[in-house]
Structure formats: C-alpha cells, structure tokens
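Engineer:
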Amino acid sequence: MYPRPFRPVYVPGAEAPRPTNFIQGRDSRTLAKRDAGRVAYHEVFRQQQLTFSESNMQADWGCWYYATEDSANLTHQSGADVDVRGAFLSNGVLANTEDTNFRAINDAFPTFGFAVNLGLVGTCAVNNLFQLSLNQQECVQFEGANGNQTVPCLWTSYFESSTAAVSAVSSFVDACVGYFYNDYKDGDIIADAFDQKVANDSKVAGGDDYASLTSLAARQAFGSLVFTNTPDAPYVFLKEISSDGNIQTVDVIFPFHPIALYLNPTLLRYMLDPLFINQEAGDWPYMFSIHDLGSSFPNATGHNDGNDEMQPLEECGDMMIMTLAYAQRTNDNAYLAKHYSILKQWNEYLVQEALIPANQISTDDFAGALGNQTNLALKGIIGIEAFAQIANRTGHAADGANYTQIAHDYITQWETYGINNATSTPHAELSYGNASSYVLLYNLYADAELGLQLVPQSVYDMQSAFYPTVFNTYGVPLDTRHTYTKDDWELFCAAVASSSTKAQFISTIAKWLSETPTNFAFTDLYDTTTGDYPTSVIFIARPVVGGMYSLLALNSAPSSGYVTPS
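Note that full-length UniProt numbering has the sequence shown beginning at 1, numbered continuously upward.
1) Using the Cα positions of glycine 380 and cysteine 316, report the straight-line distance between them to the nearest angstrom.
2) Just to check my reading of the structure: residue 568 and valine 140 have Cβ atoms closer than 8 Å, yes? What is that Cβ distance to the nearest angstrom?
3) Is it buried or exposed for glutamine 328, if we count other Cβ within 10 angstroms and need 16 for buried?
4) Taking the C-alpha atoms as reference points, what is the distance between threonine 163 and threonine 156?
5) Is the beta carbon of leucine 343 less than 8 Å from the beta carbon of phenylalanine 288?
6) Classify valine 84: buried if its beta carbon has 16 or more other beta carbons within 10 angstroms, exposed otherwise.
7) How long is the line joining the alpha carbons of serine 507 and aspartate 318, rounded to whole angstroms?
8) Do you know offhand how far alanine 80's Cα is from isoleucine 105's?
9) Just to confirm, does serine 536 get its C-beta within under 7 Å of one of the non-hydrogen atoms of the ligand NAP?
10) Below 8 Å between beta carbons: does that hold for aspartate 70 and arginine 38?
11) Of all the options Phe130, Ile382, Leu74 and Leu213, which has the alpha carbon lying nearest to the alpha carbon of threonine 523?
12) Across the stretch 402 to 411 and the stretch 345 to 360, are there enough close Cβ pairs to call them in contact, namely three or more that are closer than 8 Å?
13) Within 10 Å of its beta-carbon, does threonine 100 have 16 or more other beta-carbons around it, so buried, or fewer, so exposed?
14) Could you compute how far the alpha carbon of asparagine 182 sits from the alpha carbon of aspartate 305?
15) Classify glutamine 137 as helix, strand or coil using the three-state DSSP reduction.
16) Using only the alpha-carbon positions, how far apart do tyrosine 460 and threonine 412 sit?
17) Tell me the rounded alpha-carbon separation between isoleucine 277 and alanine 145.
18) Would you kindly work out how many angstroms separate the C-alpha atoms of phenylalanine 471 and phenylalanine 297, rounded to a whole number?
19) Can you tell me whether aspartate 208 is buried or exposed? The criterion is at least 16 other CB atoms within 10 Å of its CB, across all chains shown.
20) Going by C-alpha distance, which of Asn127, Thr111, Thr150 and Pro285 is nearest glutamine 137?
21) Using DSSP bridges, identify the partner residues of phenylalanine 237.
22) Please list, in chain order, all residues of the same chain as proline 231 whose beta carbon is under 6 Å from its beta carbon, the five residues on each side excluded.
23) Measure the C-alpha to C-alpha separation of methionine 310 and histidine 291 and round it to an integer number of angstroms.
24) Leaving aside the five residues before and after residue 572 along the sequence, list all residues of the same chain whose C-beta is less than 6 Å from its C-beta, in chain order.
25) What's the gap between the Cα of tyrosine 326 and the Cα of histidine 396?
26) Taking the CB atoms as reference points, tell me whether phenylalanine 539 and serine 242 lie closer together than 8 Å.
27) For the stretch 526 to 537 against the stretch 178 to 192, are there 3 or more C-beta pairs whose distance is under 8 Å?
28) When we look at the beta-carbon of glutamate 477 and count the other beta-carbons within 10 Å, is it buried (16 or more) or exposed?
29) Pick helix, strand or coil for threonine 266, following the three-state DSSP scheme.
30) Tell me whether the stretch 48 to 62 and the stretch 106 to 123 touch, counting them as touching only if at least three CB pairs, one residue from each stretch, are closer than 8 Å.
31) Measuring CB to CB, does glycine 547 end up less than 8 Å from aspartate 479?
32) From valine 544 to threonine 123, what does the alpha carbon distance come to, in whole angstroms?
33) So, with DSSP's three-state summary, where would you put glycine 383?
34) Closest by CA to leucine 552, which one among Ala541, Leu525, Ala448 and Leu275?
35) Taking the DSSP output, what are the residues bridged to asparagine 148?
36) What are the boundary residues of the beta strand (DSSP E) that phenylalanine 539 is part of?
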C-alpha cells in the first residue's frame, strides 16, 4: 500500500490558488460547512482492493483519510518511516514531498505525516485537530429477497454527486472528508450530551460503579455496527468480533439489544430486518431461526445449504423476545403483523422443543452442548408467551389464548423440573435433576423486560437470595462446570435482583474491571477467581457488552407484576 500524494482540500470560494495535484482526473476542491476552514488530507489504500474481504479482522478494501486544517503552518510528507520521522526530528518541519510507490508495510515502512507549527506556546492552550476516517462505498454483501446484492454504506446517501451542493465540487468523497472534519465541534457537543445522559441515568439506576460499566461499554458496543443502504430502508449489520467473524449473529444481537432499547429501539428493528428478509425469502431450509447471516463479515450471504451453527432453541427464543421488545417500545404492531407467519413458525418449534430441551448448545457455545438446560428452557417458554402477546397485538386472539395457556402450563412444569428446593438456598439448576449444580439464570431478564408476568415472583426472589451464596472474588460463575463467567449475563441477573444483590453484582464487576490482568479491550468472559481470561478461550471487544445497559432498558419496559426482590 502507499499514501496517495498529499491533497489540500479547499472550501469553494476560499481565497487560495487551486491546487496543482490531480489524482485520476479529480481536482481537490471539496465542500465543507459554511464559514469553515480549509482541510488537507492524505489518502491511503491497498493497491489491490479486495472488496468484502478481511485479513486479521481488518478490512482489505476502502480508503483511509488522515486530515487536518490546511494552513501556512502545515507541512506534510509521505515516504519511508526513517525519512519522514527523521525530517521532523532534524528540522521540525516536513518536506512537502510525496512517495507514490506501492509496497508492503514492512518494505521501507510507508509513512504519511503532518507537522503543524504551533508557534510559541505559553500559558494559553494551543491545539490542532486531526481526523482519521475510513471510506468504503460498498459495505456489505447481503442475500436479500432478490438474491445476493451489494449494499452501499449509508453515508453515501448524504453526499450524492447529483445534489446541487455537491455538484459544485468534483468529488463527494472530498465533500464527506471536509464535512466530517468541520463537523467536529457539533459532534463533540452531541457526544458530551450523550456521555452525560448515560452517566446521569446510570448513577440513578445503579450508582457510580454502574456508570463506569455503561460508559466503557457504549463505544465498544456501537463499534461493531455498520450502517448501510438508504435512509428510507436502512440496515444495520453487526460483527461478532473475536469469538469469530460471523455477521448478524442472533445470539450476539440479543445481549447487545438492551443498549438499543435504551437509546433508540428502532436501531433494533434495523438489525432484525435483514434476518427476517433472508429467511422469509426461503433462503434458510429449517423451520427454526437461523444463527447468523454469514460466517465471514461483511458477507451476509446466508446459509442456503443449512450449514450453520445450530442453536435452534436459543435463536427462536431470542427472535421472539427482541421482536416483541421493539414493538412494545415503538407501538409498531404493523411490524409484528408483517412477520407474523414466520414468527408463528418459530413459535411452533418452541412449543415442540422448549419444555424438554434436546442435547444442544446455547449462546454460551464455548461451554459445550447439554440436554435439559434449565436456563435455555426458560428462554424458550418466555418466547412462547412473547408470541402469545404478539398474537394479541395483531388481532389473533385465538392464537394468543392458546399459546399463553401453553406457556403458563410449561412454566409450572419447568419449576418442578429445574429448581432444586431440597436445600437451604433453593435455586435453578444447570440442567433438570442435577441437584449439585446451579446456573446464572439470565434468561429470567426477558420476562421482566417484556412485562409478561409469566414467571412467578417467587423465582425472582429465590435467585436473588441465592446468588450472594456463590460469589467468588470477581463474580458468580456462569454455571458449576467452570469458574468463568460473562459480565453481560451477570448484569442481566443484577437487573432483576434485589437492591443488595444488584449492588453486589455491580460492585464486584467494577472491582474486576479495576484489578483484572486482562490486557485487551473490555472482555465479556473472564475467570471469577483470577480475574484473567479463561485458559480455553479469549474474547475481546465484543458487542455483547451492550448488556451492561440491562438496568437502563428496564426503565422502558411495559408495566408488569414484577416486584424488585427485597
């Protein structure tokens, strides 16, 4: 790869000569905000563009832009690292020269830089703004209703060359770079307001420790998303990250979704849409929900051959819960009606399989397959009741009555099968009849989130009283098979626990956060005794930390009979 020649970008009408550098026939004028300054940038890209390909979890296509304000105090240079850095060290300025030789990263390391003379710096602060951004015209390959299609990045809809504003300049890429750079002040104001809202709401919901968790999780959760298509029909695709390269993984969207419910439930619909579109087109050969839309981001090309990671009970329950959660908060019953047929199909699978789960994996696939999973069964039963509410909201009263009767019958049996009452601290078991086991019963959260009043209050009280008896130094293990846990699921449990148990979960995770020896981005999987990564698997920077927003998402839940345990 190599840096294209440095390009100063001028606001139309600015009192400056037109630049003499032309790249592939494009001049370097751009549109920026009114009264904004001039912007200059380096453009860097692979010589061979491998569209929709990734290496080491990084995109192999698109152009990077390194930009700053153009001024008489600015110098630039591209070239070998020793030359560019050496020039600045020796002279304090760069040579205003370009190196256009494509080559490998480790071949005379190609480097591009700016140097800004800030003058004499005294007691008054002097600063300069730099921008780094990635431009991709096409974001995703998606198998939709009409087969595979390329889906443009959403930003391209706002900088179309056919518009009057942009036709005054040569390139909508230039327009975007200039706009983005000069939008920093407005963006900074919006970001500060967002941070303040999250901090204030989090402190009310769970105190300062909780605010430390939500503030850390926000950027990581949204960093996994790519916004595509057009403003009239946007799709939001999610990258699983680190655990694998899957795109639109249903059981990763599920732990992510509380942050969407808290901030903007419509974002959740934009994520569910591609899943519905693909499966309603008949591109998935099974009656239960798909696990993901592709094993290699950003290729959401489906699994026509049925060769996907099978988590049928998990995914059907997740889709039912998330679809209803979106509709409840937006009153979008039309969305439920639009997808009623396939939702009913998935619900029939839940009716057949939820009460006595087969030997299968859940979202915690790294823990292995297991039959009769108590927590997985609970998700499926809640999913049936969720569909009963979907039926009621769409005028299918007979279906609603039928499926709510089934769900209530199942939950009564579930209490008999999956709860160990023969102990001083009754609790849910990992699997039916396994009296020596326990589990983080995080799927209980969905009952409260949806306001279903399906699970008896006694179950909430029971689990809330039990968790304090099994805390290790850094949290409650996911189940009795291992000492590791997942902090997103711990926060699901905390959200529906008593005040004291909730506080213990939050303070313990915050303690882990301050003491953990893990040395990469926020992990969701860690050992509760050492605080380190488990020996078997390492998860880094995954979007599931959106689950930190479980407490805040409950604030938008419909009223229910759920009472916070004392």
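C-beta: ideal position from N, C-alpha, C; glycine also.
Structural biologist: Judging by the given coordinates:
1) 7 Å
2) Absent from the model: residue 568. The displayed extent of the chain is 1 to 566, so no value can be given.
3) buried
4) Unreliable positioning characterises threonine 163 in this predicted model, as indicated by a pLDDT of 43, which lies under 50. The coordinate reading is nonetheless provided below. C-alpha separation (whole angstroms): 12 Å.
5) no
6) buried
7) 28 Å
8) 10 Å
9) Among the components modelled here there is no ligand, and therefore nothing to report on the ligand NAP.
10) yes
11) Leu213
12) yes
13) exposed
14) 48 Å
15) coil
16) 15 Å
17) 6 Å
18) 37 Å
19) exposed
20) Thr150
21) Val226
22) Ser157
23) 7 Å
24) Lying before the first or after the last residue shown, residue 572 is absent from the chain, which here runs from 1 to 566.
25) 19 Å
26) yes
27) no
28) Here residue 477 is proline; the residue named in the question, glutamate, does not match the sequence. Under this definition proline 477 is a buried residue.
29) helix
30) no
31) no
32) 44 Å
33) helix
34) Ala448
35) Glu143
36) Unbroken run through phenylalanine 539: none, as it is neither H nor E.
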